[in-house]
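What follows is a single structure, written as structure tokens, with notes after it.
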Amino acid sequence: VYNEIVLSHADLDARSNQVANYLVGAGVKPGDRVGLCLDRSIEMIVVLMGILKAGASYVPLDPAYPANRLSMMVEDAGVRCLFTHAGHAQLFSNALVWENISGQVERMPLNPVEVAIAPESVAYVIFTSGSTGRPKGIAMPHRALANLVEWQLKRKTFKMAARMLQYTSISFDVSFQEIATTIASGGTLHLISNDDRKDPRKLLVQLIEHKIERLFLPYVAMRSIIEAALMTGTYPQQLKEIITAGEQLRVDGAVRDFFSRIDGASLDNQYGPSETHVITAHLLEGDPSSWPDLPSIGTAIDNCATFILDEQMNPVPDGGEGELYLAGRNLAHGYIGRDDLTKLAFVEAPASIDGYATLYKTGDLAAYNHDGSIEFRGRSDHQIKVLGHRVEPGEINNVAARFPGIGQCLTHAFKSDDGVTRLVAYYTVSEGGAVSYDGLRVHLDAHLPDYMVPAFLIELAEIPYTPSGKVDLQALPKPSIENSRYANELVEYKTSTEEGLAKIWGELLGFGQVPRSADFFELGGDSLRAVTLFLKIQQRFGKELPLAVLSHASTLAELAAEIEGKSSAPDLSRFRSLQMIQKGKEGVPPLFLIHGGAGNVLIFSELAKNLGAEQPVYAFQWSGWDGNPGDMTIPEMAKAYKTELLGFYPGGTFRLGGHCIGGFIAIELARQLKAEGIAFDGPLIISDSPNIKSKAYVRRDPAEGSGLMAAFNEMRSELLTRKMTEMDVANLPGNNSGGMKAAIKRSPLYGLARIARTQIRLLKMHRAAERGCKVPMDARSFYCGQMMHWALRKYKCHTYDGDILFFRSGAHGHEMHIGGWWRDTFLGCSEICSGKFNGHILGGGHDEILKRPELAQHVRKTFSS
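In the working numbering, each residue carries its 1-based index in the sequence shown increased by 144.
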């Protein structure tokens, strides 16, 4: 299930057979490797299954990774061909673009291909960080994965035919476990967008709304959901089985409290490096108050074994500490094209060990408990686990060393009091050189995946060494205010608000004394902790702030001023919706942007930065985000935003724009301004606004039935083949193409029942808000999303007598939570513009388009002309 698209097990079987037949017809043979760079979608699962059915192995390629890293992965894996969405096609050469070939796939036979898949055939190649500075690909055979699935389905707490949330990225090995165990047990796999996946409040809503029963996720993500649940008092009562892996599990009061509120819920602590997937497990059930603070990693799963050996590979005495070695069916073949590394990690078993020829040397230190379970005691080397991902410091060091002025670089891990691991990059400056702190951070962001970018950068006079010449890790300073850029600042708070906020920051980020000028993100704060921060602010100060505040008030002093209503930024407290994203320079015409379907305006932060520090940027957040009844129609929203805009900026030149539904609100606002004789500068800046009243709109998604895909592909191929910068939309193929009925009934009863439940929930929520009961913060994204969906359906798009600068991502209806698709490349918006329509295709995800530097470049060019 993904949004309104529902695929049965029979549909999945048939469509993945078609993908397998397509691959075989394209010359893919058993043992070939096929790249998979698809956004979270139904076709992502279909293609993954089809690759396996063809006897090939899939190679997951995360489109969020830097391009040079993806190139290395494709090269090292020896990828035979590669599937991608049009929005990522520019990252690869000769890729199979799904929008371009799905029509051909749909015409393939439905029967399975006849291909022999042996237990030793490789199922996937997943890359992990490499100590040499180059990621290494792990070849995992069907033998290991079949054993894992068979064991998981026999697990004591495993419920057959359960509802499962697909949380992890397919670049992470746990994703296979999520997908395969759900399908093999007759369950329902619920896909969610990246935005919902990264926000614990939205994730909590998804768990409750879809009555999710099983969830795999890393410890840090689990902890963030628990915090959101405890702070909002809402609990996913259907969630009976949580499985965590990738990092050491810590059971504290919050974890015990959460599990005690869900009757019959269990927590399974699973362990295994990517070279073995899961190989041990420890089940926690019953009374959470009896659970240990640091649970063991359990015992070996079926057909696998564990050994704790000393440096001579002899068994350690009972209770003694040694290195953990693994054996059995779950071992991978090794590293693709890296025989040297394979020999170091997959070693010959000593004569004292019977029944196993090969052991995997984990590098993890461990000891056996008296009951035979394994106590994890950390690493024997410098390898680090962050958010479940393995990180080799050497790869980060190599990237940092390429930055001008860096002498030496050393990356290490720091674990905060709440058990969260953060990366620290220590560096020295070369003689006569200088290192820009901000420049180094930008450099690391551009060359490393998000999870590998250090949270802290600390400059040292020299790297400390032991007398034996090894790096003295114990001598490395832990992140603190003293070794940050704030070291010389006196800690003197001007108000009780600053003092109280500093205490919250200290608890959240693990620092004792936080100076007034300290930046939340520079001290290790991130989007997950930002949610917790604002919930704690609401609890302590009774002040509810929008997340957008952090875009311009990320220091302690600035945020305290926002809480007190004394910000140096323009006073917007009298406005319900208007928010400042970037103050900019006085005299520069401000840009006013209007929210998308989620109603929040933090999505504009990156765009504001890309436009340059001089550009003032403001945005309208949906009125209902304050928990009270919000405006329900597009004309009402436009009227309210017009009143606030003119109340704040009564004279002078300004600019307008909007994203998704915000594009239509901007059009309506522009029409109302013109009706009053008020002019604004330049064209409307609009991105991904879907005109569902367009004649080019096809309500039924092409993934829901045959006969739609060919017409769908005629339009989607434009996103790849034309790669527009500017073009005359009237001449685009498909703009005047004829006929297909736009309204085709959706058949699944599931969809109808879900829509009914959603409408009932929305109605209850809105009526409660009208009676003065605020919508809880964790439910506001749902409340807003549904209201925007309703408003868009009700809105009649009038012709706009003005110019539009339009940007298009690679997204379609289901990625915008409305279903369907358009035969018009620009989502039917060109037909309502009577002025100049200037269209650009940028590709990528629906909200991600706003982060694209190219979008800001086009806007700046338009403003300067």
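Virtual Cβ for every residue (Gly too), placed ideally from N, Cα, C.
Since we're looking at a predicted model, the values are computed, not measured.
Whether residue i touches residue j by CB criterion (8 Å)
i           : j           : result
residue 410 : residue 427 : yes
residue 573 : residue 606 : no
residue 311 : residue 361 : yes
residue 205 : residue 180 : yes
residue 774 : residue 931 : yes
residue 468 : residue 502 : no
residue 639 : residue 663 : no
residue 771 : residue 918 : yes
residue 581 : residue 620 : no
residue 304 : residue 322 : no
residue 283 : residue 477 : yes
residue 518 : residue 440 : yes
Continuous beta strand (DSSP E) stretch holding residue i: start and end
i            : result
residue 280  : 280-285
residue 515  : Premise fails: residue 515 is in no beta strand (DSSP E) and is neither H nor E.
residue 223  : 223-228
residue 831  : 828-831
residue 342  : Careful: residue 342 lies outside any beta strand (DSSP E), inside the alpha helix (DSSP H) at 338-342.
residue 556  : 550-559
residue 307  : 307-310
residue 1007 : Premise fails: residue 1007 lies in the alpha helix (DSSP H), 997-1008, not in any beta strand (DSSP E).
residue 736  : 735-738
residue 426  : 424-428
Residue i classed as buried or exposed, judged by whether at least 16 other C-beta atoms fall within 10 angstroms
i           : result
residue 610 : exposed
residue 586 : exposed
residue 448 : buried
residue 977 : buried
residue 255 : exposed
residue 252 : buried
residue 583 : exposed
residue 882 : Note on residue 882: pLDDT 31, under 50, position unreliable in the model; the coordinate value appears next. Classification of residue 882: exposed, given that the 10 Å Cβ count is below 16.
Selected residue, minimal CA-CA separation from residue i, among the options
i           : options               : result
residue 600 : 655, 575 and 315      : 655
residue 763 : 700, 255, 451 and 693 : 693
residue 820 : 837, 790, 305 and 598 : 790
residue 446 : 424, 594, 458 and 438 : 424
residue 483 : 220, 704 and 1003     : 220
residue 345 : 365, 358 and 334      : 365
residue 225 : 462, 507, 238 and 199 : 238
residue 285 : 472, 793 and 678      : 472
residue 956 : 516, 250 and 991      : 991
residue 389 : 520, 736, 653 and 209 : 520
residue 101 : 187, 258 and 953      : The displayed coordinates of the chain run from 145 to 1009. Any statement about residue 101 would go beyond what the structure contains.
residue 676 : 940, 369 and 720      : 369
residue 269 : 356, 201 and 577      : 201
residue 528 : 567, 758, 633 and 517 : 567
residue 738 : 706, 799 and 701      : 799
Backbone secondary structure at residue i - three-state DSSP
i           : result
residue 379 : coil
residue 785 : helix
residue 297 : helix
residue 966 : strand
residue 479 : strand
residue 663 : strand
residue 961 : coil
residue 197 : helix
residue 591 : helix
residue 705 : helix
residue 232 : helix
residue 807 : helix
residue 863 : Bear in mind that the predicted position of residue 863 carries a pLDDT of just 46, short of 50, making it unreliable; the figure below should be weighed with that in mind. Of the three classes helix, strand and coil, the one that applies to residue 863 here is helix, per DSSP.
residue 748 : helix
residue 218 : helix
residue 884 : The predicted position of residue 884 is uncertain, since its pLDDT is 26 and thus under 50; no value can be drawn from it.
residue 754 : helix
residue 761 : strand
Segment limits, alpha helix (DSSP H) that includes residue i
i            : result
residue 1047 : Outside the shown range of the chain, which is 145 to 1009, sits residue 1047, and nothing can be said about it.
residue 492  : That residue, residue 492, is in no alpha helix (DSSP H); its beta strand (DSSP E) goes 490-492.
residue 326  : 318-328
residue 545  : 537-545
residue 400  : 397-404
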